[in-house]
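Just so you know, the protein sequences line up as chains U and P, in that order.
Counting from 20, one number per residue, gives the positions in the first sequence under my numbering.
Counting from 1159, one number per residue, gives the positions in the second sequence under my numbering.
All C-beta atoms, glycine included, are put in the ideal place defined by N, C-alpha and C.
In what follows, a structure is listed as structure tokens, so that the remarks can point back to it.
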Amino acid sequence: MNLLAEAFSAALASLNAHRLRSFLTTLGILIGTMAVIAVVSVLQGFSDSISNQFSDLGSNTLTLDAINEQENFRTGRINRISFDDVETLRYRVPGVSRVAPIISPQLGGAAYRGRTTTPQILGATEESQDVLGVDASIGRFITASDDRNGRRIVVIGVDVRDELRMPKNPIGEYLLIGREWFRVVGLLEKRGEIFGFSQDNRVFIPFSVARSLTGTFERPFMEVSFTVENLAELAQVRERANRAIRLSRKLAPNAEPDFEIKAADSFIKQFNQITATATAVLAGIVGISLLVGGIGIMNIMLVSVTERTREIGILKALGATRRDILIQFLLEAALLSLLGGLIGIVLGLLAGMGIASLIPNFPPAHVPVWVMLAAAGFSALVGVVFGIAPASKAASLDPIEALRYE
Amino acid sequence: MIELRGIVKKYVLGEETVLALAGVDLFIGRNEYVALIGPSGSGKSTLMNIIGCLDSPSEGQYILNGRDTSSLRDDELAIVRNREIGFIFQSFHLLPRQTALQNVMQPLVYRRMPPAERRERAAHALEKVGLGDRLDHRPNQLSGGQRQRVAVARALVGEPSLLLADEPTGNLDSRTSLEIMALFDALHAQGQTVVIVTHEPDIAAHCRRTIRVRDGLVVEDSLNPPRAA
């Protein structure tokens, strides 16, 4: 240990003697590490925020949605979830607990005292509160009674309130949606953004009201989220629902389904997959940049060994063994690379925070500690690996030749 | 103490084999003060390298303090150099970035000596050569004579059985040369075994014994007349 500490301080002193050169040599490692930390910090911050947003959706929640290919939109034959499907889920599938259909009626914009905005208008039932995890921060959410009685009430998002310059507490104000007046009964909790789209620029009205305003001939876009009674039966309930919906949609036994039932966490899974792919690609790029950085270190270390040939000769004359010289130069290479890595980590963190703060409403950057440790360890490893050739060259110098070297 | 038996050293240069030492027999006892002289190309440097365990002979035996070193591996030779030999070079060969004290401490590093003890012994060695007030100076802050004194201190710090100096005054002016030679004289007087490789008769005259090498052979081995103090 004493020997290592000795070699460590010798290596530091030697790097310190050529500060500029050491810095330039390790620049490759520095930039590589900085890039990986910056990108990882942004990706991770993003991923964390996505996961948080979706954790509101319980894991016992399933979502029924129609499948539409590019072809469907082009020809206008768009698949939609029907009210029958909702009824089927509600009454014909054992194990389904609560069904929360969400309807998107095309009602146009919202207006308040001469100001207008175009929020996402959604028709929801009382169940949406639990199933989708939406709730009012002031006032209340839609109740079963609102739905039954077709009350013209609305629960609005904070963006809508702010856009229309309504009072901080908008309860009791009247809002014009389409051609109908709605009384505000609640303000939704703030949710922030996903992929840059605000989750607060929306209003909820009772499902029955949305349905009646849509008219009879038009079929609105609808999505149904539902929970299962017993989480352990999730897969079975999903399969049962699948069969029941196929029946209600009158699909031929071997026809491709025009709907899908997704688990709530499938989006998170998909996103994590994207993140993992991005990370893998990134790791490849970083690998290449560290390889280049490592070659740079090897190059300069070889130059340094040549320059210090006489010094090595002196040390050998004084009794340094091959191992002593080898350890000294290996440590020097590792330290050089590690320093680059450490500076890179710090700069990468700063860059990540900078990028995150430059993009409006972007989630804050975040790097797991293990990534930083791995980056530091890996950069040191690069130094050791690429230091082997120069160090063994130094160690195997003939002391007489080395002493004679000018 | 030093015993060479039939030492032969050959170098292969291309297709030619050069015979640097053609069978040298030599004995140097404890506390001797020896000058190794000879023209360049005579083989005296090769002989010095072998005595200093920097090189191994092609044939023959080299027995240092009762131990045959001719068959030792590189790293074993390094340990022998560290314990038994104190080198002094013509161009001092100090480590430029290190202070006088650090330079003198360096051989003790390879002896795995604890730092505190190392420091103490190095400081003591520097005091012994009259540089007790220059511990933290770097080589470029010291004069030629002072640098060579640091080198002497470094050679002495490990208490080697042999002090081996290669043209120690070659880069010094005559007055400084005298100071350095006085230092060697004093060390010899204290019981140190000293071998000086030189081509200057003045320097060789300080020693008690002269060994002349020519064409890879010892051609003269004589005791010097005692010098007037």
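Got a sec, what are the start and stop residues for the beta strand (DSSP E) residue i sits in?
{"i": "residue 245 of chain U", "result": "240-247"}
{"i": "residue 1174 of chain P", "result": "1174-1186"}
{"i": "residue 139 of chain U", "result": "139-143"}
{"i": "residue 1369 of chain P", "result": "1367-1372"}
{"i": "residue 84 of chain U", "result": "80-85"}
{"i": "residue 207 of chain U", "result": "199-207"}
{"i": "residue 194 of chain U", "result": "193-196"}
{"i": "residue 1362 of chain P", "result": "Premise fails: residue 1362 of chain P lies in the alpha helix (DSSP H), 1359-1362, not in any beta strand (DSSP E)."}
DSSP three-state call for residue i: helix, strand or coil?
{"i": "residue 120 of chain U", "result": "strand"}
{"i": "residue 397 of chain U", "result": "helix"}
{"i": "residue 93 of chain U", "result": "helix"}
{"i": "residue 1309 of chain P", "result": "helix"}
{"i": "residue 1380 of chain P", "result": "strand"}
{"i": "residue 225 of chain U", "result": "strand"}
{"i": "residue 312 of chain U", "result": "helix"}
{"i": "residue 187 of chain U", "result": "coil"}
{"i": "residue 217 of chain U", "result": "strand"}
{"i": "residue 68 of chain U", "result": "helix"}
{"i": "residue 324 of chain U", "result": "helix"}
{"i": "residue 280 of chain U", "result": "strand"}
{"i": "residue 1294 of chain P", "result": "coil"}
{"i": "residue 24 of chain U", "result": "helix"}
{"i": "residue 46 of chain U", "result": "helix"}
{"i": "residue 174 of chain U", "result": "strand"}
{"i": "residue 1327 of chain P", "result": "coil"}
{"i": "residue 1164 of chain P", "result": "strand"}
{"i": "residue 162 of chain U", "result": "coil"}
{"i": "residue 1315 of chain P", "result": "coil"}
{"i": "residue 156 of chain U", "result": "strand"}
{"i": "residue 1213 of chain P", "result": "coil"}
{"i": "residue 34 of chain U", "result": "helix"}
Specify, as a first and last residue, the run of the alpha helix (DSSP H) that residue i falls within.
{"i": "residue 423 of chain U", "result": "418-423"}
{"i": "residue 1219 of chain P", "result": "Premise fails: residue 1219 of chain P lies in the beta strand (DSSP E), 1217-1222, not in any alpha helix (DSSP H)."}
{"i": "residue 353 of chain U", "result": "341-377"}
{"i": "residue 1202 of chain P", "result": "1202-1209"}
{"i": "residue 1347 of chain P", "result": "1332-1347"}
{"i": "residue 105 of chain U", "result": "102-111"}
{"i": "residue 266 of chain U", "result": "253-267"}
Quick check: is the beta carbon of residue i nearer than 8 Å to any beta carbon in chain U?
{"i": "residue 1297 of chain P", "result": "no"}
{"i": "residue 1178 of chain P", "result": "no"}
{"i": "residue 1232 of chain P", "result": "yes"}
{"i": "residue 1331 of chain P", "result": "no"}
{"i": "residue 1236 of chain P", "result": "yes"}
{"i": "residue 1248 of chain P", "result": "no"}
{"i": "residue 1194 of chain P", "result": "no"}
{"i": "residue 1207 of chain P", "result": "yes"}
{"i": "residue 1251 of chain P", "result": "yes"}
{"i": "residue 1304 of chain P", "result": "no"}
{"i": "residue 1294 of chain P", "result": "no"}
{"i": "residue 1267 of chain P", "result": "yes"}
{"i": "residue 1213 of chain P", "result": "yes"}
{"i": "residue 1387 of chain P", "result": "Residue placement at residue 1387 of chain P is flagged as unreliable, the pLDDT there being 49, under the threshold of 50; a coordinate-derived value is accordingly withheld."}
{"i": "residue 1245 of chain P", "result": "yes"}
Would you say residue i reaches chain P, if we count a Cβ-Cβ gap shorter than 8 Å as a contact?
{"i": "residue 350 of chain U", "result": "no"}
{"i": "residue 326 of chain U", "result": "no"}
{"i": "residue 319 of chain U", "result": "no"}
{"i": "residue 409 of chain U", "result": "no"}
{"i": "residue 374 of chain U", "result": "no"}
{"i": "residue 400 of chain U", "result": "no"}
Going along chain A, which residues have a C-beta under 7 Å from residue i?
{"i": "residue 1240 of chain P", "result": "As a matter of chain content, chain A is missing from the structure shown, whose protein chains are U and P."}
Cβ contact (3+ pairs, closer than 8 Å) linking the region 46-62 of chain U and the region 407-419 of chain U: No: the two stretches stay apart, fewer than three of their Cβ pairs being nearer than 8 Å.
Given 8 Å, three or more beta-carbon pairs between the region 153-164 of chain U and the region 119-137 of chain U: Judged by Cβ distances under 8 Å, the region 153-164 of chain U makes no contact with the region 119-137 of chain U, as fewer than three pairs qualify.
The region 223-235 of chain U contacting the region 172-179 of chain U, beta-carbon criterion three pairs below 8 Å: Yes, the region 223-235 of chain U touches the region 172-179 of chain U.
Entirely enclosed alpha helix (DSSP H) segments - the region 1239-1283 of chain P, minimum 4 residues: Listed in chain order, the complete alpha helix (DSSP H) runs (minimum 4 residues) inside the region 1239-1283 of chain P are 1258-1267.
Inter-stretch contact at 8 Å, needing at least 3 Cβ pairs: the region 244-253 of chain U / the region 142-151 of chain U: By the Cβ rule, the region 244-253 of chain U counts as touching the region 142-151 of chain U, because three or more pairs are nearer than 8 Å.
At least 3 beta-carbon pairs within less than 8 Å: the region 1312-1319 of chain P vs the region 1224-1244 of chain P: Yes, the region 1312-1319 of chain P is in contact with the region 1224-1244 of chain P.
Stretch pair the region 187-197 of chain U + the region 107-117 of chain U: three plus CB contacts closer than 8 Å: Contact between the region 187-197 of chain U and the region 107-117 of chain U is absent, because fewer than three Cβ pairs lie under 8 Å.
At least three beta-carbon pairs within less than 8 Å, the region 41-57 of chain U to the region 356-366 of chain U: Counting Cβ pairs under 8 Å, three or more are found: they touch.
Given 8 Å, three or more beta-carbon pairs between the region 1253-1265 of chain P and the region 333-341 of chain U: With the cut-off at 8 Å, the region 1253-1265 of chain P and the region 333-341 of chain U touch.
The region 125-145 of chain U contacting the region 266-285 of chain U, beta-carbon criterion three pairs below 8 Å: Touching, no.
Cβ pair count under 8 Å reaching 3, the region 181-191 of chain U against the region 200-218 of chain U: In short, these stretches touch, since the Cβ pair count reaches three.
Meets three-Cβ-pair contact criterion under 8 Å: the region 338-355 of chain U and the region 1165-1179 of chain P: Judged by Cβ distances under 8 Å, the region 338-355 of chain U makes no contact with the region 1165-1179 of chain P, as fewer than three pairs qualify.
Touching by the beta-carbon criterion (3+ pairs, under 8 Å), the region 1367-1378 of chain P and the region 1189-1199 of chain P: Touching, yes.
The region 1202-1213 of chain P contacting the region 1275-1287 of chain P, beta-carbon criterion three pairs below 8 Å: Touching, no, given that fewer than three Cβ pairs across the two stretches are closer than 8 Å.
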